[in-house]
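Novice:
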Amino acid sequence: MDDHVERMLRVVISNWNAMAMADGEESEPAADAFQASFYRFIDAVRDWFDAIEPRPPNFEAMMALPAMLSIAERLPAPLLLNFETEAELIFERKERIEDDKYD
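Put into structure tokens, the structure is as follows:
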């Protein structure tokens, strides 16, 4: 896996864990930090995937790449659907409009 993607994945997981443990006044800043890190991670995955040659022929082949399998194994279960949704957009070469990102 690309080093930048690996670093961003570690940050996402760390921020997810911090958000899960946050309470009271810490909750909103922790959620904001997590959300920002998740989309930086998605951008890193997009940059990595866009550089792959040859490009996988379909989304299923993309998700079967060793790096994608590793990401899926390491992400907390509640994030997996969001990651797969974003990965599908990456495969289709579409970008989510800022307003359409998960709030």
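Numbering (our numbering), first residue to last: 4 to 106.
Backbone N, C-alpha and C fix where the C-beta goes; we use that ideal spot for every residue, glycine too.
If Ser40 and Asn20 are in contact, beta carbons under 8 Å, what's the gap, nearest whole angstrom?
Specialist: Numbered from 1 along the sequence shown, position 37 holds the residue referred to as residue 40. Numbered from 1 along the sequence shown, position 17 holds the residue referred to as residue 20. Going by Cβ atoms, the distance from Ser40 to Asn20 rounds to 12 Å, so no, they are not a contact pair.
Novice: Considering only the beta carbon of each residue, do Phe52 and Met11 sit closer than 7 Å?
Specialist: In the sequence shown, residue 52 corresponds to position 49, counting from 1. In the sequence shown, residue 11 corresponds to position 8, counting from 1. Taking 7 Å as the Cβ cut-off, Phe52 and Met11 do not qualify as a contacting pair.
Novice: Leaving out the 5 sequence neighbours to the left and right, which residues in its chain are closer than 8 Å to Met71 when beta-carbon positions are compared?
Specialist: Stepping through the sequence shown from its first residue, residue 71 is reached at position 68. Closer than 8 Å at the Cβ level, and outside the excluded window around Met71, lie Met65 and Ala90.
Novice: In this structure, does DSSP put Asp106 in helix, strand or coil?
Specialist: The sequence position of residue 106 within the sequence shown is 103, counting from 1. Residue confidence is low: Asp106 scores 47 on pLDDT, short of 50, so the model does not pin down where it sits. No coordinate-derived value is stated.
Novice: Which stretch, first to last residue, makes up the alpha helix (DSSP H) that contains Pro81?
Specialist: For the purposes of this step, residue 81 is taken as the residue at position 78 of the sequence shown. Ala80 to Phe94 is the span of the alpha helix (DSSP H), which, as asked, contains Pro81.
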